[in-house]
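Numbering (my numbering), first residue to last: 24 to 332. Virtual Cβ for every residue (Gly too), placed ideally from N, Cα, C. Source: prediction; values computed, not measured. Right, one structure below, let's go through it.
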Ligand SMILES: Cc1cc2nc3c(=O)[nH]c(=O)nc-3n(C[C@H](O)[C@H](O)[C@H](O)COP(=O)(O)OP(=O)(O)OC[C@H]3O[C@@H](n4cnc5c(N)ncnc54)[C@H](O)[C@@H]3O)c2cc1C
């Protein structure tokens, strides 16, 4: 890895790989820094059915492989390293500190660190991931046509996704640990009026069971009563946590949850710093918009670099 680049792309999920493709094609002096295997959350995805250009669908692994190979055809420069701290106090010399003690400076930075779905951390959850345990209704709802599924959560996302799921599932049971939802009133009203949605209040799941896929959930109510719910899928929609460790959240004016606000050109509050993908403050977190934002961010980076000359 060099000491300095015109452009550093931090993170190699769909946003970072798309930014990498655009940066490499634009012949920018660049590096994409990724701490694990490129692909991000897509590597956790069994089957992707909603990325344009693949009418038959494809595995998450295959999609990532294609994205990586595509960018490498234009000489994408990927380095494996973990960035532990980003120093943006000097706009002209942005500094990234690496886990091995090294550092890299750059003129412009695109933050593509992504996010992770919050988990219940209960027996069966990890084993059944992709076999009936899902963290994204928009992504997986069509796989549950005419089935009974559960949704865990009580916020806007959970209840809106429960509503969306009823387009496919025969029945959706919302399991919530409190006696009322956190979702806004209008979202609640729509859900309460939907005959395919029912609610189990004051309860949580203690384990997920099934042979080759989800078959039943073991529940416990706040008063200690236990019960079993037979379902073919469970959507865990209890929030998303941004991968923002080491980022200067004050300078980036992060929102209350730690996501980074951007403008329509993917620019953050810090000049020359763009953000793309799930790390951004937004409602929709999908592969297609992460990739789109990665591309837009490079165009903004190019403009910024031209301004420096
Ligand atoms: C189980 C699951 C299934 C999904 N299914 C679908 C689907 O079918 N269709 C769809 O459109 N969307 C789906 N999504 C959502 C989709 O995966 C995300 O919207 C998308 O991956 C976001 O891309 P990203 O590049 O912003 O971030 P991520 O995919 O989160 O990638 C971020 C990358 O940054 C790296 N990174 C983070 N911090 C550092 C650091 N400090 N140093 C170096 N590297 C770092 C990470 O290792 C990671 O590789 C799914 C999500 C999950 C969890």
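Report the residue from 32, 78, 103, 164 whose alpha carbon sits nearest the alpha carbon of residue 257.
By one-based count along the chain shown, residue 257 stands at place 234. Nearest option by C-alpha distance: 164.
- Item | Beta-bridge pairing of residue 129 - partner residues as DSSP gives them | Here the question's residue 129 lines up with position 106 in the chain shown. Answer is 28, 117, bridged to residue 129.
Subject >> Whether residue 131 touches residue 116 by CB criterion (8 Å) >> reply: Against the chain shown, residue 131 aligns to sequence position 108. Against the chain shown, residue 116 aligns to sequence position 93. Not closer than 8 Å, so no.
Practice problem: Taking the CB atoms as reference points, tell me whether residue 57 and residue 111 lie closer together than 8 Å. | Solution: Here residue 57 refers to the residue found at position 34 of the chain shown. Here residue 111 refers to the residue found at position 88 of the chain shown. No, Cβ-Cβ distance for residue 57 and residue 111 is not below 8 Å.
Who are the Cβ neighbours of residue 180 in its own chain at under 7 Å, not counting the five residues just before and after it?
For the purposes of this step, residue 180 is taken as the residue at position 157 of the chain shown. If we look at residue 180 and ignore the five residues flanking it on each side, its Cβ neighbours are 260.
Span of the beta strand (DSSP E), counted from its first residue to its last, around residue 102: By 1-based counting over the chain shown, the position of residue 102 is 79. Start and end: 101–103.
Any idea if residue 331 is buried or exposed, counting beta-carbon neighbours within 10 angstroms, 16 or more meaning buried?
Position 308 of the chain shown, counting from 1, holds the residue named residue 331. Exposed, since its Cβ has fewer than 16 Cβ neighbours within 10 Å.
Can you tell me the Cα-Cα spacing of residue 212 and residue 183, whole angstroms? Here residue 212 corresponds to residue number 189 of the chain shown, with the count starting at 1. Here residue 183 corresponds to residue number 160 of the chain shown, with the count starting at 1. Looking at the two C-alpha atoms, the distance is approximately 11 Å.
* Between residue 301 and residue 313, is the Cβ-Cβ spacing less than 8 Å? -> Indexing the chain shown from 1 puts residue 301 at position 278. Indexing the chain shown from 1 puts residue 313 at position 290. Yes, they are a contact pair.
_For residue 279 and residue 47, the rounded distance between their alpha carbons_ = Start at 1 with the first residue of the chain shown, and residue 47 comes out as number 24. Start at 1 with the first residue of the chain shown, and residue 279 comes out as number 256. Answer to the nearest angstrom: the Cα atoms are 34 Å apart.
Subject >> Outcome for residue 199 when other beta-carbon atoms lying within 10 angstroms are tallied against a minimum of 16 >> reply: Position 176 of the chain shown, counting from 1, holds the residue named residue 199. Burial call: buried.
Q) Is residue 82 near ligand 1, with its Cβ less than 7 Å from a heavy atom? A) One-based indexing of the chain shown puts residue 82 at position 59. Because no heavy atom of ligand 1 lies under 7 Å away, the Cβ of residue 82 does not count as near it: no.
Counting Cβ pairs, one atom from each stretch, are 3 or more of them under 8 Å apart for the stretch 118–126 and the stretch 236–248? no
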